[in-house]
Every structure is written in C-alpha cells, then in structure tokens.
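A.B. asks:
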Amino acid sequence: MPFEKVRVRFAPSPTGPLHIGGVRTAIFNYLFAKKHNGNFILRIEDTDQNRFVSGAEEYILESLKWLNIEPDEGVGKGGSFGPYRQSERKDIYQKYAHQLISDGHAYYAFDTPSELENMRNRLKSEKHSNQQYNAKTRVNMLNSLSLSQAKVQQKLDNNDPYVIRLMLPENKEIKFQDAVLGDFVFHSSQLDDKILFKSDGMPTYHLANVVDDHLMEISHVIRGSEWTNSTPCHILLYRYLGWEKEIPVFAHMPLLLKPDGQGKLSKRDGDRLGFPVFPLNWKSQETSEISKGYKESGYSSEAFLNFLVLLGWNPGTDQEIFSLTELINSFSIEQIGKSGSKFDLDKAKWFNHQYLQKKPISELREEFLVTLIEKGINHSHLNIDKILELVRERATFTSDFWELTNYFFIAPTSYDSKVIKKRWKENTPKILTDIIVILSALNNFQAYEIETIIKQHINTQNLNMGQVLSSLRLTIVGSASGPSIFDIMVLLSKEESIMRIQNGINNIKK
RNA sequence: GGUCCGUUCGUCUAGUCAGGUCAGGACGCCAGGUUUUCAUCCUGGUAACAGGGGUUCGAAUCCCCUACGGACUACCA
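Read left to right, the first sequence gives residues 2 to 511 (our numbering).
#1: Hey, could you find the ends of the alpha helix (DSSP H) glycine 467 is sitting in?
#2: If you compare alpha carbons, which of Ile436, Pro430, Ser480, His458 is closest to proline 413?
#3: Mind reading off the beta-carbon distance from glutamine 133 to aspartate 47? Whole number of angstroms is fine, and I expect it under 8 Å.
#4: Would you list the residues sitting across from serine 482 in a DSSP beta bridge?
#5: Grouping DSSP H, G and I as helix and E and B as strand, with all else coil, what is glutamine 150?
#6: Starting from aspartate 184, trace the beta strand (DSSP E) both ways and give me its first and last residue.
#7: Can you round the beta-carbon distance between arginine 25 and leucine 309 to whole angstroms, since I take them to be within the 8 Å contact cut?
#8: DSSP state of serine 331, grouped into three classes?
#9: Report yes if the CB atom of leucine 68 is closer than 8 Å to the CB atom of proline 361, and no otherwise.
#10: Do the CB positions of threonine 429 and serine 472 come within less than 8 Å of each other?
#11: Run through DSSP, which three-state label would tyrosine 295 get?
#12: Just grab the DSSP bridge partners of valine 164 for me.
#13: Distance, Cα to Cα, alanine 209 vs histidine 221?
#14: Check whether the stretch 373–383 and the stretch 402–419 touch, using three or more Cβ-Cβ pairs below 8 Å as the test.
#15: Is the separation between the beta-carbon of alanine 110 and that of leucine 101 shorter than 8 Å?
#16: Using 8 Å as the threshold, is the C-beta distance between isoleucine 219 and proline 255 below it?
#17: For isoleucine 436, which option in Lys422, Glu404, Thr476, Thr406 has the closest C-alpha, if you only look at C-alpha atoms?
#18: Mapping DSSP to helix, strand and coil, what is tryptophan 283?
#19: Should leucine 192 be listed as close to the ligand ATP, given that the test is whether its C-beta is under 7 Å from any heavy atom?
#20: Compare the C-alpha of asparagine 159 against each of Ile165, Arg166, Ala151 and name the closest.
#21: Touching or not, the stretch 11–21 and the stretch 266–283, by the rule of three or more beta carbon pairs under 8 Å?
#22: Given that a residue counts as buried once 16 or more other Cβ atoms are within 10 Å of its Cβ, and exposed if not, what is methionine 168?
#23: Once you ignore the five residues that flank lysine 423 on each side, which residues in its own chain have a CB closer than 8 Å to its CB?
#24: In angstroms with no decimal places, state the Cα-to-Cα distance between phenylalanine 352 and lysine 510.
#25: Tell me the DSSP bridge mates of glutamine 178?
#26: Considering only C-alpha positions, which residue in the set Gln462, Ile499, Asn463, Ile459 is nearest to alanine 442?
#27: So glutamine 581 and aspartate 201 are in contact, right, with Cβ under 8 Å, and what is the actual spacing, rounded?
#28: Could you pull the start and end residues of the beta strand (DSSP E) that valine 250 belongs to?
#29: Quick check on this structure: which residue in Ala180, Thr399, Gly264, Thr205 has the alpha carbon closest to the alpha carbon of glycine 338?
#30: Between the stretch 488–496 and the stretch 382–397, are three or more C-beta pairs nearer than 8 Å?
#31: Can you tell me whether valine 420 is buried or exposed, with buried defined as 16 or more other CB within 10 angstroms of its CB?
#32: Between Asn504, Thr399, Gly341, which has its C-alpha nearest glutamate 368's C-alpha?
#33: Buried or exposed: which applies to isoleucine 374, given that a residue is buried once 16 or more other Cβ atoms fall within 10 Å of its Cβ?
#34: Would you mind sorting glutamine 87 into buried or exposed? The rule is 16 or more other CB atoms within 10 Å of its CB.
#35: For the alpha helix (DSSP H) that contains valine 24, what are its first and last residues?
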C-alpha cells in the first residue's frame, strides 16, 4: 500500500437530505478509518451550483453527529488539507485541468448542449451501439482537436463557452482491482471523453474527486457501486496527472434496494412505502413538506446504525448486536457483500427493541417525562422508574410508553366491553367487595403478599381464578392487558387500587 | 440499445477465495410453553443454493451458457 496512514473520506453533495444509503457509506468509511487508526474526512462536493440545497450541509453534519460518527477532519471540523468544500477549491482544479491540456490529455470542447444532443440522436438513429463523445466521434465535433489552433484561440479570446474534456486513448484496456468486487477490465473504446471542467467554471465530480483524493492523501475510496463504471476514467486521471503510484484502493459497496420490487432505494420511496429513508427529519424549504427521519420516528442512533451496518456487511459470525467499538474491531472491507440489499422495517424495529431493553432507565425516564409534561400529567405521587421498568420489555420505541402506562396516571373511565361480557358475572361485585376488605386489612402492600392473599381467598371460596383476576384487572386498568396486576397495584398504592376497584363495582354494568 | 456488475430461506445473511457434515444464524410467519390477561420471553417448526450444461469420486463453492435483477450510459453527483 502506497499510503502510510489510512485516510478515507465521505464526500456527499449537498443536494438535499442525506439518505440512508449515504449514511451507510459514511458508516463504512468511519468504521474502516477507526479500525486502522486512520482519519475520517468529510468533504462536501458542491460543484453543481444548480442542485445546491441550502441547509443540506448542516443536515449532513447533524446526521453524523447523531450517529456519533463525526469526522476527524473536514467541513465543520477543519484540518490541514483544506478547504474541504469543493466550491472553495476552484483554482486548484483549474490548474490541473490546464495541466492536462498542455500535456495532451485533455482538450477544449465548444459544443452546445443541442449540438451534443444532435450527435447522440444521429448516432442512435444510425444504430450505433455507442453514442458517446469519444475517440471516434470527437473528430466531428467542435473542439481543440478538430479545430485549428487559431480558431480555438479565437473562440477562447471571444469568451465562447467551453468545457474541458478528458482525451481517452483509442484502444486501451484499463484495469483495476476493487477490494469488494474484484478485478475489472474496461476498454477505452467503450468509455467517453468525460467532461472534467464545466462551462460555468466548476469542475465535474470526476476531476474534483481525483484531485482532492490525491491532495488529501486519501488511501481508500469507499463509495457506492454506482461509481464503478466511472472508475476507469478516474484511473486514467491519476495516470495522466502523474499520480499512478498513489492510486487509492477502491472499494465499491453494493446499493440499498427498495424493500418492494427492485431498484435503487430513492428518496421518494419513503413517502410511497411509509417508512423513513432519512436519518433525521427534513423540512423542504420549497414545499415546507416534512420528510420523516429515523430519529424522530423513535429509533435510537445505536440501533439504527447497527441495523444499517448489517446491510451489505457481515462479520461472518452469528453476532448481531454490536457496540460501535465492537463494529470498529470487527469491520473489514473483505466482508462487504457484493449484491444489493433491501431493507426490512421489521428487523429495524427488532433492533430498536433490543437496544431499548439495554438503555439506562434514567434515559428512558428523561424522554418519558417530556411526554408527561406535554400531556399535563401530574406524576409526583408515582415512581416513574419502576413503572418504566415494568413495561419496557413491551416497548419497541420510547413513544410506546404512554400507550403502555397511561392507566397509571389516569384511572379508567371506561371498561373494555369484551372483557365485561366474558368475565363480569352476577357475583363479581360481591367478590371484588370481599377483595377490598381483604386488601384493606393488608399492611405489607407488596406484590407477593397481595398475590398470596388473593389467591388464597380464591381457593378457599372456590372461585374461578381467571374470572376474578380478569375482573380485578378490568377495574384497575380498564382492559385485559398489561403486566402483572399485583405489580400494578403496588405502584398505584393501596388507596388508589381500592378506590379503582370500588369505582369498577359502582360503574361496570353487564 | 451498449458497457459493467450481481443472483443462498419472504427479508438480512454464514458458507464460495483454499470443492467433501441433514446448507448454519437472525427478522418475519406458524405451533407449543410461561404469564390463569395482553405483550415480552423460552422451545420447536416453516422456508433457499435462479436454470441448464460441464470439470470432479464428490459442486452452493471451479468453468461455460441462459434467465432474471441492478448500476452506468448528463456541462448530476
């Protein structure tokens, strides 16, 4: 490896919110950097002025922060290889573009968009399999290869718009090795003379990314596999710029696919299928429409990251739950799969459930308290921690807690009619009245004691256990579900429990 | 259309590079158990090597063909 230090970059373009495919790319880069004690760099590829979306850069930064995979270097952090925003590096690209021209590896092209379209249409109608601007077609186009030197100079002096194109060799094989996909061979005849420099004075991705990766001493390029087809162009650039000995290792990772059907996951799939495709909420400034994020949907960043990293990567063991440190230790490019993966919301939920079970109760309490305040609930008499401990195993999201615990805070005002129908008998009021008497006399109001004494009563009176306990639960909770009724009663207090039973007796009518 | 890539349970995947256990795990689903409730949890079950040819004593694994899927094919990244 020509690099002493591992340096990888995550290089999104600020054209909107980062979607989960991009997030996964960031995670893989981060993990790889940390595994090798390297640097994780954030570079913003904002060379397309037309697609610039304000707020997108901040969104990217916030997303990485939420996931706890913040860059060591780059936009928002600084570093000695800056600037890290490509729009601030225009001069650098210009210099290299002109170097390529003077070395005979690039040329000026003056064709207008409509002329280019005409060419493609013509080739298409003539049934050429290839409609690219390449060694065959460029001689017929308006460029510094086909035009006389004087004519070219005249156009330049005249400030005619131009682009700079890479001049591909006519019949060469371009080979490279991909750390994920293996060996590639491309034929230059199948490639096109890519635009390196646009007429607006900005470089294209191809030039900017190669120049920056070199100047920033990037050792490994880990990116989505939509880039494999343009990699030969990048290889050529390294070669023509004299950097062939320092070409980074390429690792193209498989794409994230739509959960239904086929195809690359897109930003619109979220709305269509009703699941988030973004890490954080995103509010479009144009339409004011809000796209849901995983964070706001109740996912913890650890669970989300854990779920995402297992899409296309697997350590080869049965382990599924990983801390960030464990991920760093076990990550390797060799274990990245070759084929795309659809993602499964059920599995994402399962991960969140797993993580929720392990969270410190203080964190859960903190979030839950916000809900209680929003709802204007007085909870000073209740032990919130114990309530949460009691119900947490039933929750997938912290947002489930209110649904799971509301009866602790608000005594039932209505009762599940199905349970009434099934369990509330003629003698139920009498039985519950007896239970009130028993409970009133109970000094040590603890779960075990309550359970023992009630079951004893049921046995000696020859009562139906299911019927008694269900109707008891009905008076206290209002429905037939929830954790152990004895635990609930303890948390509610003796007085409250008795009051609820009495209310039930008074109000439940068969 | 062209170029490149991919294909193991419904889904995420292990196993493929170095060919040799009933193809292993997880999610989901189904059943049973626990909870005399519901959920969780536990146990069990369901279910896959895309198809066809080779090579070999032996193929998920190596080779070829086919099918299917995807990416790219912009003065977007």
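Backbone N, C-alpha and C fix where the C-beta goes; we use that ideal spot for every residue, glycine too. Here the structure is a predicted model, which means the values were calculated and not measured.
C.D. replies: According to the structure data:
#1: Here residue 467 refers to the residue found at position 466 when the first sequence is read from its first residue. Residues 466–478.
#2: Taking the first sequence and counting its residues from 1, one reaches residue 413 at position 412. The shortest C-alpha separation from proline 413 is found at Ser480.
#3: Position 132 of the first sequence holds residue 133. Position 46 of the first sequence holds residue 47. That belief does not hold up - the Cβ atoms of glutamine 133 and aspartate 47 are roughly 27 Å apart, past 8 Å.
#4: The residue labelled residue 482 in the question sits at position 481 within the first sequence. Looking at the DSSP output, serine 482 sits in no beta bridge, so it has no partner there.
#5: Mapped onto the first sequence, residue 150 falls at position 149. Secondary structure of glutamine 150 (DSSP, three-state): helix.
#6: Your numbering for residue 184 matches position 183 in the first sequence. Counting along the chain, the beta strand (DSSP E) containing aspartate 184 begins and ends at 183–188.
#7: Taking the first residue of the first sequence as position 1, residue 25 is located at position 24. Taking the first residue of the first sequence as position 1, residue 309 is located at position 308. Yes, arginine 25 and leucine 309 are in contact; Cβ-Cβ is about 5 Å, under 8 Å.
#8: Here residue 331 refers to the residue found at position 330 when the first sequence is read from its first residue. In the structure shown, serine 331 adopts helical secondary structure according to DSSP, grouped into three states.
#9: Numbered from 1 along the first sequence, position 67 holds the residue referred to as residue 68. Numbered from 1 along the first sequence, position 360 holds the residue referred to as residue 361. Taking 8 Å as the Cβ cut-off, leucine 68 and proline 361 do not qualify as a contacting pair.
#10: Numbered from 1 along the first sequence, position 428 holds the residue referred to as residue 429. Numbered from 1 along the first sequence, position 471 holds the residue referred to as residue 472. Contact flag set, yes.
#11: Here residue 295 is taken as the residue at index 294 of the first sequence, counted from 1. Three-state DSSP puts tyrosine 295 in coil, outside helix and strand.
#12: Within the first sequence, residue 164 is the residue found at index 163, counting from 1. Valine 164 is bridged to Ala110.
#13: Here residue 209 refers to the residue found at position 208 when the first sequence is read from its first residue. Here residue 221 refers to the residue found at position 220 when the first sequence is read from its first residue. Going by the C-alpha atoms only, they are around 16 Å apart.
#14: Taking a cut-off of 8 Å on C-beta distances, the stretch 373–383 touches the stretch 402–419, as three or more cross pairs fall below it.
#15: Against the first sequence, residue 110 aligns to sequence position 109. Against the first sequence, residue 101 aligns to sequence position 100. The Cβ atoms of alanine 110 and leucine 101 do not sit closer than 8 Å to each other.
#16: Along the first sequence, one-based indexing puts residue 219 at 218. Along the first sequence, one-based indexing puts residue 255 at 254. No.
#17: As a working mapping, residue 436 is identified with position 435 in the first sequence. Among Lys422, Glu404, Thr476, Thr406, the Cα nearest to that of isoleucine 436 belongs to Thr476.
#18: The count along the first sequence starts at 1 and reaches residue 283 at position 282. Here tryptophan 283 carries a strand assignment [DSSP, helix/strand/coil].
#19: Summarising the ligand content, the structure contains no ligands, and the ligand ATP is consequently not present.
#20: Counting from one through the first sequence, the residue named residue 159 turns up at place 158. Taking each of Ile165, Arg166, Ala151 in turn and checking the Cα distance to asparagine 159, the smallest one comes out for Ala151.
#21: Counting Cβ pairs under 8 Å, three or more are found: they touch.
#22: As a first step, residue 168 is located in the first sequence; it is residue number 167 there, counting from the start. Label assigned to methionine 168: buried.
#23: Counting from one through the first sequence, the residue named residue 423 turns up at place 422. Cβ neighbours of lysine 423 beyond the five flanking positions: Ser471.
#24: The residue labelled residue 352 in the question sits at position 351 within the first sequence. The residue labelled residue 510 in the question sits at position 509 within the first sequence. Straight across, the Cα-Cα distance linking phenylalanine 352 with lysine 510 is about 44 Å.
#25: Within the first sequence, residue 178 is the residue found at index 177, counting from 1. Bridge partners of glutamine 178: Asp184.
#26: Taking the first sequence and counting its residues from 1, one reaches residue 442 at position 441. Measuring from the Cα of alanine 442, the nearest candidate turns out to be Ile499.
#27: There is simply no residue 581 to check, as the chain begins at 2 and stops at 511 in what is shown.
#28: Taking the first residue of the first sequence as position 1, residue 250 is located at position 249. Unbroken beta strand (DSSP E) run through valine 250: 250–254.
#29: Along the first sequence, one-based indexing puts residue 338 at 337. Per the Cα distances, Ala180.
#30: Yes, the stretch 488–496 is in contact with the stretch 382–397.
#31: Residue 420 sits at position 419 when you count from the first residue of the first sequence. Looking at its Cβ environment, which holds 16 or more other Cβ atoms inside 10 Å, valine 420 is buried.
#32: Reading the first sequence from its first residue, position 367 is the one you call residue 368. Of all alpha-carbon atoms in Asn504, Thr399, Gly341, the one lying nearest the alpha-carbon of glutamate 368 is that of Thr399.
#33: As a working note, residue 374 is residue 373 in the first sequence. Exposed, because fewer than 16 other Cβ atoms sit within 10 Å of the Cβ of isoleucine 374.
#34: The count along the first sequence starts at 1 and reaches residue 87 at position 86. With a threshold of 16 other beta carbon atoms within 10 Å, glutamine 87 meets it and is buried.
#35: For the purposes of this step, residue 24 is taken as the residue at position 23 of the first sequence. If you look at valine 24, you'll find it in the alpha helix (DSSP H) that goes 21–36.
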